[in-house]
Amino acid sequence: MTGHTNILKLLFEKNPNIDLCDKNGSSSLSWASQKGYTDIVKLLLEKNHNVDLCDENGRSPLYMASYKGHTDIVKLLLEKDPNVDLCDKDGCSPLFCASQEGHTDIVKLLLEKNPNVDLCSNDGLSPLHLASMTEHTDILKLLLEKNPNVYLCDKNGRSPLYWASNKGHTDTVKLLLEKDPDVDLCSNDGLNPLHLASLIGYTDIFKLLLEKNPNIDLCDKNGRSPLYCASQKGHTEIVELLLEKNPNVDLCCKDVCSPLYWASYKGHTDIVKLLLEKEPKVDLCGKGGCSPLYMASLKGHTDIVKLLLENDPNVDLCDKDGCSPLFCASQEGHTDIVKLLLEKNPNVDLCRKDGCSPLHCASQEGHGDIVKLLLEKNSYVDLCDTNGRSPLYWASNKGHTDTVKLLLEKGPNVDLCSNDGLNPLHLASMTGHTDILKLLLEKNPNIDLCDKNGRSHLNDGLNPLHLASRIGYTDIFKLLLENNPNIDLCDKKGRSPLYCSSQKGHTEIVELLLEKNPNVDLCCRYGSSPLFWASYKGHTDIVKLLLEKDSSVDICDKNDCSPLYCASQKGHTDIVKLLLEKDPKVDLCDKGGCSPLYLASLKGHTDIVKLLLAKDPNVDLCDKDGCSPLFCASQEGHTDIVKVLLEKNPNVDLCCKDCCSPLYCASQKGHVDIVKLLLERNPNVDLCCKDGFSPLYLPSYQEHTDIVKFIFKKNPNVDLCDKNDGSPLSMASQKVNTDIVSIREGT
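Residue numbers (the numbering used here): 1306 to 2052.
So this is what it looks like as structure tokens:
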């Protein structure tokens, strides 16, 4: 609707229903009042429009004009004596809207009509609430002249004074306090205006409230007093003001945290000073057992620790996990605080629940200065945690060289092992901390530390030499070797250092070991030798080194796999060459009957097949399924291998357990070149598998025309049928293969 006054006048000549509303229940007067069309409102009112006609949301024309700030229209409407307390569906009156939006002149006009100034919205908010929270001071003054209920609270229990204090509106607070409201009136969560000013730090508001003698120890639902709030948030001036009123300085929240606790935790030094002047309980702990001294020590607030210590707190007071202030400061690296605490002679070996002492923590974290301070107080260097780990264990594990030096000066047990069998020497060896290893070796540790069963203490039986061999720390290995360890000492699985380094490919370590003449054929419990693993993994240089020490080339693992077997299977040609120079048994088979030649033929390693054939192996040696090297090469399509095998005159008709011949397999797979090579050896072209399929059968079905042609040259029995009486011709016919049918018919 637009403000076309002249058109409206013409329409009025036809006596329209001026109270007619649109689909939203909005009348012409409502629209004009909302849009600010004063002339149209005037015309409509002259026609006695219903001024209280509301839309579907309960909004009257007066509501809309008050909300939008159309003062002249409000004047016009008020002349018609509307219901000034008519509210929308949310309970908002015209006065509510005008107060909220800051329309002072409209508020003044409405108040002249004596509206209900305490009329609240559905949320319990009155016009006074809105003026208080929005800092519309002029409106607030107008409302207060009407003596509204200053105690009136919204649905959350928040009074106008609460809102003004929360928002930091000092002038508003001053005006409200002139009406003597209840300054201790709390919201549903127990917060009052004093709490809010204390929490947020509104000092001027706090002063105004304090003049009204509030209950300064009144706590919210969480047990927080104003002093608690101000101390936690660091509002020093407010704390000063409160302390002048002698509050309960030990009043704690529901988590048993006091104002001193929070000031110490947050690092509010000036507040801690002020609180301590009131002689609070310095050992009052939170529900986790944390004292103010604990928190200050944990957070590194040196000045606060100093202040607290002047008040003789219990320096050994621990939290629920057994952590003392000294423990926390040592763990976090707060050296100055550790110094201050040690002046009070605490128990330096007081441990956490898991048995960790301050020395443990400082050693683990590498806080050398703190370690030195603790050792000067004779902290027990061999004190172990519940896992059997000593301070030296942790320093060695983490690589803190200076800390290790300090600890070693106190003569600790360098062979002390953890519950899982690790000692400092193990840790330095497995983590590569060379400097630490040197320091430890100067203390003559037992590098072959073994239990009564002859195994090292590590649960899997690994000693430092094993660890360096496996990981490949050459420098560490050299250092260990200088101390004449037992180089043939095996772990629980029978793995020697030589085994480990050969398996992992650490050539330099293997060289160093071989200079000490170890047992090169020492096998693990699975029968694998160092040569086995070097051959399997392709570590050529290591194989060379081992063979120079006359390692047995025919030692097999529990599956009867030899080094030659492994190298042939994996395609390590250079290693096969090296092994063959030592005249191994080339026909040595695994438990499945697979020989090195078989595997090389299967995998397509042509050069290896050639090398093996030079040693005159049994070319017809079959696996447990009856598959020969020729069978495998024919099936897999390795033409070059078939060619070199045929030069050794194998049995071309040697069948597997399913009666499949090499020719059958090559024909079935469509390997034309291999079929040609095999046919040159005059195989039995009618040799059938157990299902009755001949070499001609499947190529006929699969349309391998070239193969069918080659086989036909050998005059096969074309009427040979399978177990279902299917012949090559019937198979070719099924596929409509006219070429193959033509070959059969000789056309």
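Glycine included, C-beta positions come from ideal geometry on N, C-alpha and C.
Do you know how far the Cα of residue j is from the Cα of residue i?
i: P1802; j: H1731; result: 14 Å
i: K2014; j: L1959; result: 23 Å
i: L1499; j: C1534; result: 10 Å
i: S1774; j: K1611; result: 52 Å
i: N2020; j: K1896; result: 41 Å
i: D1991; j: N2022; result: 6 Å
i: N1452; j: R1529; result: 33 Å
i: N1493; j: T1442; result: 26 Å
i: E1813; j: K1677; result: 39 Å
i: C1861; j: S1833; result: 7 Å
i: K1538; j: N1471; result: 15 Å
i: G1673; j: L1680; result: 10 Å
i: S1856; j: D1925; result: 29 Å
i: C2053; j: H1474; result: Limits of the chain in this structure are 1306 at one end and 2052 at the other, which puts residue 2053 out of reach.
i: S1335; j: L1381; result: 13 Å
i: E1417; j: N1355; result: 21 Å
i: K1854; j: V1891; result: 21 Å
i: K1559; j: K1526; result: 8 Å
i: P1630; j: L1645; result: 11 Å
i: H1976; j: T1911; result: 17 Å
i: H1540; j: K1604; result: 19 Å
i: T2010; j: K2018; result: 13 Å
i: L1556; j: D1522; result: 8 Å
i: P1934; j: L1918; result: 11 Å
i: T1477; j: G1495; result: 22 Å
i: F1632; j: P1651; result: 10 Å
Taking buried to mean at least 16 other C-beta atoms within 10 Å of its own C-beta, is residue i buried or exposed?
i: N1749; result: exposed
i: G1593; result: exposed
i: N1724; result: exposed
i: D1428; result: exposed
i: E1648; result: exposed
i: K1658; result: exposed
i: T2061; result: The requested residue 2061 is not part of the displayed model; the chain covers only 1306 to 2052.
i: N1683; result: exposed
i: G1716; result: exposed
i: R1830; result: exposed
i: Y1841; result: buried
i: T1343; result: buried
If I measure Cβ to Cβ from residue i and keep anything under 8 Å in the same chain, skipping five residues before and after, which residues do I get?
i: L1851; result: S1807, V1815, L1819, V1825, P1835, L1836 and A1839
i: L1711; result: G1673, V1676, K1677 and L1680
From the DSSP output, in three-state form, read off residue i for me.
i: H1500; result: helix
i: Y1342; result: coil
i: T1691; result: coil
i: C1937; result: helix
i: P2000; result: coil
i: C1402; result: helix
i: Y1778; result: coil
i: A1919; result: coil
i: H1731; result: helix
i: K1974; result: helix
i: V1488; result: coil
i: E1771; result: It should be noted that the sequence gives His, not Glu, for residue 1771. Residue state, collapsed to three classes: helix.
i: Y1870; result: helix
i: L1614; result: helix
i: V1653; result: coil
i: Y1507; result: coil
i: K1953; result: coil
i: S1966; result: coil
i: E1985; result: coil
i: H1434; result: helix
Which same chain residues end up closer than 7 Å to residue i when comparing Cβ atoms and leaving out the 5 residues on each side of it in sequence?
i: I1781; result: S1734, G1737, T1739, L1742 and A1773
i: L1581; result: L1612 and N1616
i: Y1718; result: A small correction: the amino acid at residue 1718 is Asn; Tyr does not occupy that position in the sequence shown. If we look at N1718 and ignore the five residues flanking it on each side, its Cβ neighbours are D1687.
i: D1753; result: N1768, P1790, N1791 and L1794
i: A1568; result: S1536, I1576, V1577 and L1580
i: M1600; result: Y1566, S1569 and Y1570
i: N1270; result: Only positions 1306 to 2052 of the chain appear in the structure, and residue 1270 is not among them; the question remains open.
Which same chain residues end up closer than 6 Å to residue i when comparing Cβ atoms and leaving out the 5 residues on each side of it in sequence?
i: I1913; result: S1873, T1878, V1881 and A1905
i: H1408; result: G1374
i: C2064; result: For the chain, the structure presents residues 1306 to 2052; residue 2064 sits outside this window and is missing.
What ranges does the alpha helix (DSSP H) occupy inside the region 1655-1717, keeping only unbroken runs of at least 4 residues that lie completely in it?
1663-1670, 1673-1681, 1696-1703 and 1706-1713
Give the list of continuous alpha helix (DSSP H) stretches no shorter than 4 residues that lie fully inside the region 1803-1843.
For the region 1803-1843, whole alpha helix (DSSP H) runs of length 4 or above, ordered along the chain, are 1812-1819 and 1835-1842.
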